[in-house]
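See below for the structure under consideration.
2 protein chains.
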Amino acid sequence: MKVKHLTDVKEEIVTKANSTKTTVRWLITKDDGAKGFATRMFEIQPGGQVGLHNHAEDHQIFVLQGKCQLIDEKGNKVELKNGDVIYIPPKEKHGFENHGDETFAFICVIPYLK
Amino acid sequence: MKVKHLTDVKEEIVTKANSTKTTVRWLITKDDGAKGFATRMFEIQPGGQVGLHNHAEDHQIFVLQGKCQLIDEKGNKVELKNGDVIYIPPKEKHGFENHGDETFAFICVIPYLK
Chain A
14 MKVKHLTDVK EEIVTKANST KTTVRWLITK DDGAKGFATR MFEIQPGGQV
64 GLHNHAEDHQ IFVLQGKCQL IDEKGNKVEL KNGDVIYIPP KEKHGFENHG
114 DETFAFICVI PYLK
Chain B
14 MKVKHLTDVK EEIVTKANST KTTVRWLITK DDGAKGFATR MFEIQPGGQV
64 GLHNHAEDHQ IFVLQGKCQL IDEKGNKVEL KNGDVIYIPP KEKHGFENHG
114 DETFAFICVI PYLK
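Chains as they are written, first to last, in the working numbering: chain A, 14 to 127; chain B, 14 to 127.
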């Protein structure tokens, strides 16, 4: 088994999907031996966003900290908080906007598509 | 997409693998439309454990709260804390013992094997 701390993992700036003030750490990946899916942690600073986008991979999300607005494919906004859990199916549009005053952090698990 | 809070999900007592004082919430599952893997949250109360066991599924784990001893296949113990990340390969033995004074909580993602 492999044990590490999230701060051992490189923090990368996210620019895809018109993202601003957003970083990702790929916590568990193929490099660790994982075959089916990967665990990432995202952080969105106050005033930051991940723009509305979609892709073939679905998402399983767990909110760790802060508040955020989740934007759905119809442009509706859902307020997210610590302990919220989100399932986003393949190809469904989604985005995030942090209008709060603290960092919004979440775990996002994504499949490796065959 | 589906949005819920972890407390909306039924908390089940875990008895497999000689577990004591341990519960699980299956946060995101096939019932939500997820096909490849499931996100669960486990909580082990002080004095509780998940006994050493193994299975074909690998695990991707993120520690949310508390401290715990992770037992590896050789019986070695690794101290876990908030923000630790663990990858446990298929068939590798693992167990958990909470010798602390607060609840140990973690996210554990597991594949649906074909």
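All residues carry an ideal CB built from backbone N, CA and C; glycine is no exception. Predicted model only: the values in this text are computed from it and were never measured.
In the stretch 99 to 119 of chain A, which residues sit with their C-beta less than 8 Å from some C-beta in chain B, listed in chain order? Ile99, Tyr100, Ile101, Pro102, Glu105 and His107
Return yes when the Cβ of Phe50 of chain A is within less than 7 Å of the Cβ of Phe50 of chain B, no when it is not. yes
Determine the extent of the beta strand (DSSP E) in which Met54 of chain A is found, giving its start and end residues. Phe50 to His66
Per DSSP, which residues does Val27 of chain B bridge with? Please list them. None; Val27 of chain B has no bridge partner.
Thinking just about the alpha-carbon of each residue, which of B:Gln58, B:Lys48, B:Asp44 and B:Asp45 is nearest to the one in Asp34 of chain B? What sits at residue 34 of chain B in the sequence shown is Lys, not Asp. The shortest C-alpha separation from Lys34 of chain B is found at B:Gln58.
Taking Cβ to Cβ, would you say Ala30 of chain A is nearer than 7 Å to His68 of chain A? no
Excluding the 5 residues flanking Ser32 of chain A on each side, which residues of the same chain have their C-beta closer than 7 Å to its C-beta? Gln62, Val63 and Gly64
Looking at C-beta atoms only, is the number of pairs between the stretch 87 to 104 of chain B and the stretch 18 to 27 of chain B that lie closer than 8 Å three or more? no
Within 10 Å of its beta-carbon, does Tyr100 of chain A have 16 or more other beta-carbons around it, so buried, or fewer, so exposed? buried
Looking at the C-beta of His68 of chain A, does it have a partner C-beta in chain B at a distance below 7 Å? no
Give me the chain B residues within the contact set of Pro124 of chain A, using Cβ-Cβ distance strictly less than 8 Å, ordered along the chain. Gly49 and Phe50
Can you tell me which of the three DSSP states Asp85 of chain B falls into? coil
Spatial neighbours of Lys94 of chain B within its chain, please: CB distance less than 7 Å, with the 5 preceding and 5 following residues excluded, ordered by chain position. Val76 and Lys80
Please classify Thr52 of chain B: is it buried, with 16 or more other beta-carbons within 10 angstroms of its beta-carbon, or exposed? buried
When DSSP labels each residue in this structure, what does Asp21 of chain B get in the three-state scheme? helix
Looking only at its own chain, which residues have a Cβ that is under 6 Å from the Cβ of His107 of chain B, when we skip the five neighbours before and after it? Ile101
Apart from the five residues on each side of it in sequence, which residues of its chain come closer than 7 Å, Cβ to Cβ, to Lys15 of chain A? Asp45
Between Trp39 of chain B and Met54 of chain B, what straight-line distance do the alpha-carbon atoms span, to the nearest angstrom? 7 Å
Just to confirm my understanding: we take Asp114 of chain B, look at its own chain, exclude 5 residues before and 5 after, and list those with CB closer than 6 Å. What are they? Pro59
Cα separation between Glu70 of chain B and Ile84 of chain B? 17 Å
Can you name the start and end residues of the beta strand (DSSP E) that Asn34 of chain B belongs to? Per the sequence shown, residue 34 of chain B should be read as Lys rather than Asn. Lys34 of chain B -> beta strand (DSSP E) spans Thr33 to Ile41.
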